[in-house]
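Protein chains in written order, with UniProt numbering: chain B, 1 to 349; chain V, 1 to 349. For every residue, glycine included, the Cβ atom is placed at its ideal position computed from N, Cα and C. Computed from a predicted model, the values in this text were never measured in an experiment.
Number of protein chains: 2
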Amino acid sequence: MALVRSSSSRLRSFSSLMSPPSTAAVYYQHGAPDAVTRIIEMPPTVVKERHVCVKMLASPINPSDINRIEGVYPVRPEVPAVGGYEGVGEIYSVGSQVEGFSPGDLVISSPLTSGMWQTYVVKDQSMWHKVDKDTPIEYAATITVNPLSALRILEDFVTLKQGDTVVQNGSTSIVGQCIIQIAKSRKINTVNIIRDRPGSDEAKEMLKKLGADEVFTETQLDAKNVKIFLGNLPEPSIGFNCVGGNSASLVMKQGGTMVTYGGMSKKPITASTSSFIFKDLSLKGFWLQNWMSSDKAHDCRRMIDHLLELVREEKLRYEIELVPLSDFKLALDKAMGKLGSQPKQVLQF
Amino acid sequence: MALVRSSSSRLRSFSSLMSPPSTAAVYYQHGAPDAVTRIIEMPPTVVKERHVCVKMLASPINPSDINRIEGVYPVRPEVPAVGGYEGVGEIYSVGSQVEGFSPGDLVISSPLTSGMWQTYVVKDQSMWHKVDKDTPIEYAATITVNPLSALRILEDFVTLKQGDTVVQNGSTSIVGQCIIQIAKSRKINTVNIIRDRPGSDEAKEMLKKLGADEVFTETQLDAKNVKIFLGNLPEPSIGFNCVGGNSASLVMKQGGTMVTYGGMSKKPITASTSSFIFKDLSLKGFWLQNWMSSDKAHDCRRMIDHLLELVREEKLRYEIELVPLSDFKLALDKAMGKLGSQPKQVLQF
Numbered sequence: 001m002a003l004v005r006s007s008s009s010r011l012r013s014f015s016s017l018m019s020p021p022s023t024a025a026v027y028y029q030h031g032a033p034d035a036v037t038r039i040i041e042m043p044p045t046v047v048k049e050r051h052v053c054v055k056m057l058a059s060p061i062n063p064s065d066i067n068r069i070e071g072v073y074p075v076r077p078e079v080p081a082v083g084g085y086e087g088v089g090e091i092y093s094v095g096s097q098v099e100g101f102s103p104g105d106l107v108i109s110s111p112l113t114s115g116m117w118q119t120y121v122v123k124d125q126s127m128w129h130k131v132d133k134d135t136p137i138e139y140a141a142t143i144t145v146n147p148l149s150a151l152r153i154l155e156d157f158v159t160l161k162q163g164d165t166v167v168q169n170g171s172t173s174i175v176g177q178c179i180i181q182i183a184k185s186r187k188i189n190t191v192n193i194i195r196d197r198p199g200s201d202e203a204k205e206m207l208k209k210l211g212a213d214e215v216f217t218e219t220q221l222d223a224k225n226v227k228i229f230l231g232n233l234p235e236p237s238i239g240f241n242c243v244g245g246n247s248a249s250l251v252m253k254q255g256g257t258m259v260t261y262g263g264m265s266k267k268p269i270t271a272s273t274s275s276f277i278f279k280d281l282s283l284k285g286f287w288l289q290n291w292m293s294s295d296k297a298h299d300c301r302r303m304i305d306h307l308l309e310l311v312r313e314e315k316l317r318y319e320i321e322l323v324p325l326s327d328f329k330l331a332l333d334k335a336m337g338k339l340g341s342q343p344k345q346v347l348q349f
Numbered sequence: 001m002a003l004v005r006s007s008s009s010r011l012r013s014f015s016s017l018m019s020p021p022s023t024a025a026v027y028y029q030h031g032a033p034d035a036v037t038r039i040i041e042m043p044p045t046v047v048k049e050r051h052v053c054v055k056m057l058a059s060p061i062n063p064s065d066i067n068r069i070e071g072v073y074p075v076r077p078e079v080p081a082v083g084g085y086e087g088v089g090e091i092y093s094v095g096s097q098v099e100g101f102s103p104g105d106l107v108i109s110s111p112l113t114s115g116m117w118q119t120y121v122v123k124d125q126s127m128w129h130k131v132d133k134d135t136p137i138e139y140a141a142t143i144t145v146n147p148l149s150a151l152r153i154l155e156d157f158v159t160l161k162q163g164d165t166v167v168q169n170g171s172t173s174i175v176g177q178c179i180i181q182i183a184k185s186r187k188i189n190t191v192n193i194i195r196d197r198p199g200s201d202e203a204k205e206m207l208k209k210l211g212a213d214e215v216f217t218e219t220q221l222d223a224k225n226v227k228i229f230l231g232n233l234p235e236p237s238i239g240f241n242c243v244g245g246n247s248a249s250l251v252m253k254q255g256g257t258m259v260t261y262g263g264m265s266k267k268p269i270t271a272s273t274s275s276f277i278f279k280d281l282s283l284k285g286f287w288l289q290n291w292m293s294s295d296k297a298h299d300c301r302r303m304i305d306h307l308l309e310l311v312r313e314e315k316l317r318y319e320i321e322l323v324p325l326s327d328f329k330l331a332l333d334k335a336m337g338k339l340g341s342q343p344k345q346v347l348q349f
């Protein structure tokens, strides 16, 4: 951190047409992220007429960032590349034709774009979205990949109304936590499935505090019909799956629609032909990047503003760990699960 | 047959307010169809004001009829019950308030309704649909359960246009054959998958004669990407599955939408989480009975007329074996696959 701070203040005197030099986490080839990623100093770049130069404040290490480095993501970035796809920063300088942005504004990358893991990012003004300065930076940095996914899978597959119920697995994931809270804010009930593990009681407690109506471990639901547990809740209108395997089977036990947005167990989804025919089971998938490239995304900034408003009203919370860029390797290990279950790692610049 | 004919002519002299007695295939409890089903004589029943009494001509033994007798169908009929859900007959007599029907008219049961395996059926006039007298009775008897399913799964899930391609397994089934022919009549291409078995070359030949563009055995497609085989055909817009297991995996290899309407292998469907997320795989099911009870079915007779027109124009053909009711047990064995692959068994009265 010390290095970064001193260089950024030292470089304020540079021409406004050039960015300051930038400290960046770069990968030169695809492979194990800790082996192929290095922190390097990037030279200043030109800030063109419509460009905005942002002094980055924070950017998360998302699982998709790791997959991109590994080269296993469906869209394989060209190398060398700076990591990171979402983040927040403060405007440092603007090109001569830039309108509506001024130095000091708090902005997030929107739409999602590459190269966020560095101290200064220069992009066209269309790639930045101004957000309220009261927004906690760790939420501004992470509002798109996880919370927007949660909002979209809640809204895009069935029409949910007050009093309806949704069921999900992987409920302690950030998307899972967001689903609980967004549903809560709309008076939609959530039935939540979590893994059996030491500390599952604490996890249940944590999710209930966020507004979860019911939380069960996989084993609790395994042998039984989820209806027994529903109590007064109506049967789920939709299910969300980010795990796969048996955990997905528990979500789809009711028939109806299940949306898969992750596969943490790396196990496939299996369903009987009769559940499709007689229970009208419908299995779909959600990929934010695909959604982002569709017409539906034209309104994406309004959705992000809505989510950030929930954050500022303290109706949307999830656990995050801010880590200085100098601790990048440690953050990477934590993000990759090498040190057990950890909060979302967010690089702070 | 002799018994039935003589009784029907003898009974024409009965009061027009009573049906003739009826010879029926009845099951008294759920279980193995050959053990629980018997041919019995039913007494005459009252033909009420709005009733139509039909002298049945033909009614198929569909797999769903067998499942209903076994008690494994999702909707379990009350016993005792006369078997059969679709069929064709000639009007024998009509109640005093019946309009638009006359003795001698050729009618089919529409919507589908129980109790077709008998020589005389009395139902409300709303349960009968008049069809062109030139229609071959084996097609009139079977036009709803299989061909209408084929039409609906072609039309209800994606919008197909001339030049598009669909892929299916179980292509030698009647629904499969109907899909090929209806697609052909709309200039839609079909890629067809069949089981590896003795006689698969003849099956390929037969399907190509019906208009199939490509026919492959499962083994041919197993190791390879179906794209290699597509030649100049565009990638499939949708896939249809009536088998499950590996055969379903071959259909969904391309991503996109797959509709399951049967499960001949009794094996489940398995797909990776990534195919849902990154290939936008969407798995759905189709159940005619469910469709029939929806608003969409209000137009079902117009669809049936369209299909029967294709039949009369010789654009829709499938193999059928007409069997006299006196050979019911043999027909049942054939329909249940006890004598190997057999054409659809249609009882003739």
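**Item:** Whether residue 103(B) touches residue 94(B) by CB criterion (8 Å)
**Value:** yes
**Request:** Within its chain, find whatever has a CB closer than 7 Å to the CB of residue 9(V); leave out the 5 residues flanking it on each side and keep chain order.
**Result:** A caution first: residue 9(V) carries a pLDDT of 44, below 50, which makes its placement in the model unreliable, though a value can still be read off. Cβ within range, chain order: n/a, list empty.
**Request:** List the residues of chain B whose Cβ lies closer than 9 Å to the Cβ of residue 270(V), in chain order.
**Result:** 268, 269, 270 and 271
**Request:** Report yes or no: is there a C-beta of chain B within less than 8 Å of the C-beta of residue 280(V)?
**Result:** yes
**Asked** Would residue 296(B) count as contacting chain V if we go by Cβ distances under 8 Å?
**Response** no
**Request:** Within the same chain, show all residues whose beta-carbon is closer than 6 Å to that of residue 283(B), passing over the 5 residues directly before and after it, in chain order.
**Result:** 258
**Prompt:** In whole angstroms, what is the alpha-carbon distance linking residue 254(V) and residue 279(V)?
**Reply:** 8 Å
**Request:** Could you check what DSSP says for residue 333(B) in three-state terms: helix, strand or coil?
**Result:** helix
**Message:** Within 8 Å of any Cβ in chain V, is that where the Cβ of residue 337(B) sits?
**Reply:** no
**Asked** Going straight from the alpha carbon of residue 134(V) to that of residue 45(V), what length do you get?
**Response** 30 Å
**Message:** Which of the three DSSP states is assigned to residue 57(B) in this structure?
**Reply:** strand
**Request:** Over the uninterrupted alpha helix (DSSP H) stretch that includes residue 94(B), give me the two end residues.
**Result:** Segment 88-94 is the beta strand (DSSP E) holding residue 94(B); no alpha helix (DSSP H) there.
**Asked** chain V beta carbons: is any one of them nearer than 8 Å to that of residue 123(B)?
**Response** no
**Segments assigned alpha helix (DSSP H), at least 4 residues, entirely inside the stretch 277-332 of chain B** = 288-292 and 300-312
**Request:** Determine, using beta carbons only, whether residue 239(B) comes closer than 8 Å to chain V.
**Result:** no
**Item:** Straight-line Cα distance separating residue 316(B) from residue 5(B)
**Value:** Confidence is the limiting factor: at residue 5(B) the pLDDT is only 38, short of 50, which leaves the residue's position unreliable, though a coordinate-based value still follows. So the two alpha carbons sit approximately 31 Å from each other.
**Message:** Which residues in chain B have a C-beta closer than 7 Å to the C-beta of residue 287(V)? List them in chain order.
**Reply:** 277 and 278
**Prompt:** Quick one: Cα of residue 113(B) to Cα of residue 48(B), how far?
**Reply:** 18 Å
**Reference residue 285(B); option with closest CA among 215(B), 330(B), 172(B) and 149(B)** = 149(B)
**Request:** Please classify residue 229(V): is it buried, with 16 or more other beta-carbons within 10 angstroms of its beta-carbon, or exposed?
**Result:** exposed
**Prompt:** According to a CB-to-CB cut-off of less than 7 Å, which residues of the stretch 135-167 of chain B neighbour chain V?
**Reply:** none
**Request:** Thinking residue 119(B) and residue 56(B) are a contact (beta carbons under 8 Å), I'd like their distance in whole angstroms, please.
**Result:** 6 Å
**Message:** Looking at chain B, is there any beta carbon in it that lies within less than 8 Å of the beta carbon of residue 74(V)?
**Reply:** yes
**Asked** In or out: residue 43(V) buried (at least 16 other Cβ within 10 Å) or exposed?
**Response** exposed
**Asked** With a cut-off of 8 Å, does the C-beta of residue 340(V) fall near any C-beta of chain B?
**Response** no
**Request:** Under 8 Å by Cβ, that's how I've got residue 145(V) and residue 308(V) pegged, so tell me the actual separation to the nearest angstrom.
**Result:** Wrong, their Cβ atoms sit about 14 Å apart, outside the cutoff.
**Partner residues on chain V for residue 357(B), Cβ-Cβ distance less than 8 Å** = This structure does not reach residue 357(B), given that chain B is present from 1 up to 349, and the question cannot be answered.
**Prompt:** What residue does the alpha helix (DSSP H) around residue 255(V) start on, and which one ends it?
**Reply:** First-last for residue 255(V): undefined, no H or E at that position.
**Item:** Contacting residues, own chain, Cβ-Cβ under 6 Å from residue 7(V) (five flanking each side not counted)
**Value:** Note that residue 7(V) scores 45 on pLDDT, short of 50, meaning its location in the model is unreliable and no value can be drawn from it.
**Request:** Starting from residue 175(V), trace the alpha helix (DSSP H) both ways and give me its first and last residue.
**Result:** 174-185
**Message:** If I measure Cβ to Cβ from residue 116(B) and keep anything under 8 Å in the same chain, skipping five residues before and after, which residues do I get?
**Reply:** 56, 59, 82, 83, 84, 85, 86, 87 and 109
**Prompt:** Does DSSP put residue 239(B) in a helix, a strand or coil?
**Reply:** strand
**Asked** Is the stretch 293-310 of chain B touching the stretch 164-176 of chain B in the sense that three or more CB pairs, one from each, lie closer than 8 Å?
**Response** no
**Prompt:** beta strand (DSSP E) containing residue 97(V): first to last residue?
**Reply:** First-last for residue 97(V): undefined, no H or E at that position.
**Request:** Rounded to whole angstroms, what's the CA-CA distance from residue 344(B) to residue 264(B)? Just pull it up for me.
**Result:** 15 Å
**Prompt:** Straight-line CA distance for residue 163(B) to residue 222(B)?
**Reply:** 26 Å
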